[in-house]
Amino acid sequence: GCNPLAETGRSKLQNQRAVLNQQILRAVRMRAGAENLLRATTNNKVREQVLLELSFVNSDLQILKEELEGLNISVEVYQNAEETFSIPLVPLGLKETKDVDFTLPLKDFILEHYSQDSSEYEDEIADLMDLRQACRTPSRDEAGIEMLISYFLQLGYVENRFFPPTRHIGVLFTWYDSFTGVPVCQQNLLLEKASVLFNIGALYTQIGTRCNRQTQAGLEKAVDAFQKAAGVLSYLKETFTHTPSYDMSPAMLNVLVKMMLAQARECVFEHIGLSGIRNEFFTLVKMTQEVAKVGEVYMLVNTAMNQEPVKENIPYSWSKLAQIKSDHYKALAHYFTATILCDHELQPGDDEDQQEKALSQLYDYVPEGLMVLAVLKDKVQRKQLGKAHLRKAIVYHEEALRVCGLCKKLRNIEVLQEVLTAAHKRSLLKYAQQETEDDFLSLIQAPDILPKTEHKIETIAPQFSKVKVKDFFHKLGPLTVFSAKQRWTAPRTICLHHEAGELGFSLKGGSPVQVYCLDPVCSAASAGLKEGDYIVSVGGIDCKWLGVSEVLEKLKSGGKQPMEIEVISCQDTAASLHSKSATYSMGMQKTYSLICLAMDEDKIDETKKAPLKLPFLSWGAKNRQKAASTLCLPSAVAGSSQVKKKLSPFTLFNTESSLY
Numbered sequence: 001g002c003n004p005l006a007e008t009g010r011s012k013l014q015n016q017r018a019v020l021n022q023q024i025l026r027a028v029r030m031r032a033g034a035e036n037l038l039r040a041t042t043n044n045k046v047r048e049q050v051l052l053e054l055s056f057v058n059s060d061l062q063i064l065k066e067e068l069e070g071l072n073i074s075v076e077v078y079q080n081a082e083e084t085f086s087i088p089l090v091p092l093g094l095k096e097t098k099d100v101d102f103t104l105p106l107k108d109f110i111l112e113h114y115s116q117d118s119s120e121y122e123d124e125i126a127d128l129m130d131l132r133q134a135c136r137t138p139s140r141d142e143a144g145i146e147m148l149i150s151y152f153l154q155l156g157y158v159e160n161r162f163f164p165p166t167r168h169i170g171v172l173f174t175w176y177d178s179f180t181g182v183p184v185c186q187q188n189l190l191l192e193k194a195s196v197l198f199n200i201g202a203l204y205t206q207i208g209t210r211c212n213r214q215t216q217a218g219l220e221k222a223v224d225a226f227q228k229a230a231g232v233l234s235y236l237k238e239t240f241t242h243t244p245s246y247d248m249s250p251a252m253l254n255v256l257v258k259m260m261l262a263q264a265r266e267c268v269f270e271h272i273g274l275s276g277i278r279n280e281f282f283t284l285v286k287m288t289q290e291v292a293k294v295g296e297v298y299m300l301v302n303t304a305m306n307q308e309p310v311k312e313n314i315p316y317s318w319s320k321l322a323q324i325k326s327d328h329y330k331a332l333a334h335y336f337t338a339t340i341l342c343d344h345e346l347q348p349g350d351d352e353d354q355q356e357k358a359l360s361q362l363y364d365y366v367p368e369g370l371m372v373l374a375v376l377k378d379k380v381q382r383k384q385l386g387k388a389h390l391r392k393a394i395v396y397h398e399e400a401l402r403v404c405g406l407c408k409k410l411r412n413i414e415v416l417q418e419v420l421t422a423a424h425k426r427s428l429l430k431y432a433q434q435e436t437e438d439d440f441l442s443l444i445q446a447p448d449i450l451p452k453t454e455h456k457i458e459t460i461a462p463q464f465s466k467v468k469v470k471d472f473f474h475k476l477g478p479l480t481v482f483s484a485k486q487r488w489t490a491p492r493t494i495c496l497h498h499e500a501g502e503l504g505f506s507l508k509g510g511s512p513v514q515v516y517c518l519d520p521v522c523s524a525a526s527a528g529l530k531e532g533d534y535i536v537s538v539g540g541i542d543c544k545w546l547g548v549s550e551v552l553e554k555l556k557s558g559g560k561q562p563m564e565i566e567v568i569s570c571q572d573t574a575a576s577l578h579s580k581s582a583t584y585s586m587g588m589q590k591t592y593s594l595i596c597l598a599m600d601e602d603k604i605d606e607t608k609k610a611p612l613k614l615p616f617l618s619w620g621a622k623n624r625q626k627a628a629s630t631l632c633l634p635s636a637v638a639g640s641s642q643v644k645k646k647l648s649p650f651t652l653f654n655t656e657s658s659l660y
């Protein structure tokens, strides 16, 4: 990872984000306490004072939210250092987290579950904690991506080794929402895995915005990075369907995927026009449809950003930037169409059919009284339709400038203002170059341009298999056998005596080997060996990873001398919980909140033995009939029975308060 104390622009933003997260946490705690006091007191004077305090706290929260939004739109820090004349791209900020100490919980679990000396695994636990700490400040390149993926894959091993489905081991993970700054705290490792995935996608977006968009290689790398970011976020949405923070909710992730694909589409258009756009009929037709496609996808992004429940938490400036880009690129489409009509009159040697076909592809319809071929042949009609497109282009440019001027954050981005102003002036100049004496006859309304592209943009799924990771806790044995889901007896020492060259049993399986066909009257059986036991060491040498032939060789190497082996037996365990993603299980109310969701145990058939369904969240308690909570999306649950509330030591927020 990068040096967390390095004074780079990106690290300063992340440090500011961490400070804001803490301030938001304190404000939310104060508000929760004030609301509890308001419900508990009947003294009118106290109520007035509490209401006054609540108004101050809510005001502070709103200010903090605006400051966090300012960090999310600080796009200049993430752009390429080279001076460019391009509209900035939007990256995602990395989610912040608190330190996690794995030492005691993992050492206790190794001793209790695996019956091994936990002090032998101190280095492995330290390696895991070092890797997690490094992942908080990844470098903005492929090495940073590889490190985050390595930690994500390592978490898969850790989950199988140390996190049984029936109970928690006491490791608490805290991650802060990227958009609201509100923390989510769980003992569930799925929160950790989902948050790391989000940061992988966020880092891809930062790599994409850093690329040099003045070169072909830079634009190709940017397109690839945004497609991979969309792929990771899409994978997160499909795999962890009900995560407890808004930035990872399906609705928000759906918007973020669309935004990343739109930015990839924008880079594709810039790549096509990088070498210059020739003022030639068919080239301009192609560019018109390409740029219209960019405008269309940004219009869809803006529409998605203004839908509930995303609208309340997406940065306002992001929504306005999507609207600005949509208007800007639509204006360019009309400008290119006007250039086709005004600068390219049909010449005697031109192919009329080809030009008619190409121009027809731009329109879903043509204004009443006009035919495409007639427009191509008639100089007056060409000019009138061309000027209509220029007027529409100017309207779109002016709207983009107006929206940019109304948004405080975007108004301060100089390069954005420069690009919009230059495009506006170019359209005005083009319009002024046309003859104006017949303007009073120009009643034609320019039709919309049909978007079309020859370049396919789609998500690129994450390739986790390309990153090779070794299990830190490899010494515990093969994961298929030595996992948190299986219970074992403590190792038993058996003294083997060779009887006429025979062991009295056979071995089968892979690693570790298993005893079968045990002779019940042999000395090994008398010493306590059982059918189905696993051999974990021979003569003091660990053999969990050895096969049948290797173990037999070690057993025979001692000759006729007695030899000690260690064996373990599998214990019967109750059926494990069916694990779902993040915070949803067995018909539980689907909310994105910081409160504890209790399981409805009434739905479990009393005649069947099943382990308790433990709550995933750890920020208090809530029953299934209440939908209002801190960070809670609306959800209808019919026929739900009242669930007994369970208190948690991490209850910090009032369950009936809203976020801001």
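Quick note: the sequence shown, position 355, residue 355 per full-length UniProt numbering, numbers continuous.
Every residue, glycine too, gets a C-beta built ideally from N, C-alpha and C.
Remember, it's a predicted structure, so these values are computed and weren't measured experimentally.
**OP:** Could you have a look at glycine 156 and say whether DSSP puts it in helix, strand or coil?
**Re:** helix
task = If I'm right that tyrosine 335 touches valine 294 with Cβ under 8 Å, what's the distance once you round it to whole angstroms?
result = Contact doesn't hold; Cβ gap of about 14 Å is too wide.
To the nearest whole angstrom, what separates the beta carbons of leucine 420 and alanine 400, a pair I think is in contact under 8 Å?
5 Å
Starting from the N-terminal side, write out each stretch of the alpha helix (DSSP H) that is 4 residues or longer and does not extend beyond the stretch 488 to 542.
523 to 526
- prompt: In whole angstroms, what is the alpha-carbon distance linking lysine 622 and proline 520?
  reply: Because lysine 622 carries a pLDDT of 38, less than 50, the predicted location of this residue cannot be relied on, and no value is offered for it.
Please name the residue, chosen from Glu296, Leu197 and Leu261, that lies closest to methionine 248 on a Cα-to-Cα basis. Leu197
| field | Assigned secondary structure, serine 635 (DSSP; H/G/I helix, E/B strand, else coil) | value | Annotation note: pLDDT 38 at serine 635 (below 50); position unreliable, coordinate value reported separately. Correct three-state label for serine 635: coil.
In chain order, what residues of the same chain lie with their CB nearer than 7 Å to the CB of glutamate 531, ignoring the 5 residues before and after it? Val515, Tyr516 and Leu518
| Euclidean distance between Cα positions of glutamate 564 and tyrosine 534 | 14 Å
Item to check | glutamine 289 to threonine 180 span [Cα, whole Å] | outcome: 38 Å
**Study point:** Where the alpha helix (DSSP H) containing isoleucine 449 begins and where it ends
**Key:** Counting along the chain, isoleucine 449 falls outside any alpha helix (DSSP H), and DSSP gives it neither H nor E.
Check the DSSP bridge columns for methionine 563 and list the partner residues they point to.
Leu496
Discussion item. Three Cβ pairs or more, each shorter than 8 Å: is that satisfied between the stretch 204 to 214 and the stretch 166 to 177?
Written reply: no
Enumerate in chain order the residues of its own chain whose CB-to-CB distance from leucine 479 is below 8 Å, with the five nearest sequence positions on each side excluded.
Tyr157, Asn160, Arg161 and Asp471
- Assigned exposure category for methionine 147 - 16 Cβ within 10 Å defines buried: buried
(request) Starting from the Cα of valine 551, find the closest Cα among Lys560, Pro562, Gln561 and Ser537 and give me that residue. (result) Ser537
Exercise. Starting from valine 184, follow the beta strand (DSSP E) in both directions and report where the run begins and ends.
Key: 183 to 186
Which one of Ala524, His474, Leu476 and Ser511 has the shortest CA to CA distance from leucine 496?
-> Ala524
(message) So if DSSP puts isoleucine 63 in a beta bridge, which residue, or which two residues, is it bridged to?
(response) Bridge partners of isoleucine 63: none, in fact.
Separation of leucine 507 from tyrosine 151, as counted between CA atoms
37 Å
Proximal residues to aspartate 224 (C-beta, below 7 Å), its chain only, five neighbours per side dropped: none
Practice problem: Give the single residue among Ala333, Lys544 and Thr493 whose Cα lies nearest to the Cα of serine 511. | Solution: Lys544
Do isoleucine 200 and valine 232 have their C-beta atoms within less than 8 Å of each other? yes
How would you label serine 427, buried or exposed, when you count the other beta carbons within 10 angstroms and need 16 or more for buried? buried
### Task
Could you spell out where the beta strand (DSSP E) holding tyrosine 176 opens and where it closes?
173 to 176
ask   = Mapping DSSP to helix, strand and coil, what is isoleucine 149?
value = helix
Looking at the secondary structure, which residues open and close the alpha helix (DSSP H) in which glutamate 270 lies? 250 to 272
| said: Please classify leucine 20 as buried or exposed, where buried requires at least 16 other C-beta atoms within 10 Å of its C-beta. | reply: buried
task = Assign asparagine 199 to one of three DSSP states: helix, strand, or coil.
result = helix
- Query: With 16 as the cutoff for other CB atoms within 10 Å, does serine 319 come out buried or exposed?
  - Reply: buried
Contact between the stretch 450 to 467 and the stretch 481 to 488 (3+ Cβ pairs under 8 Å)
no
Taking the alpha carbon of valine 467 as the reference point, which residue from Glu220, Gly144 and Val182 has its own alpha carbon closest? Gly144
* Going by the beta-carbon positions, is the gap between proline 88 and leucine 416 smaller than 8 Å? -> yes
Please classify proline 562 as buried or exposed, where buried requires at least 16 other C-beta atoms within 10 Å of its C-beta.
exposed
Select from Gln154, Arg391, Asp99 and Thr303 the residue whose C-alpha is nearest the C-alpha of leucine 321. Thr303
Checklist entry - Under a three-way DSSP split, which group does cysteine 570 fall into? => result strand
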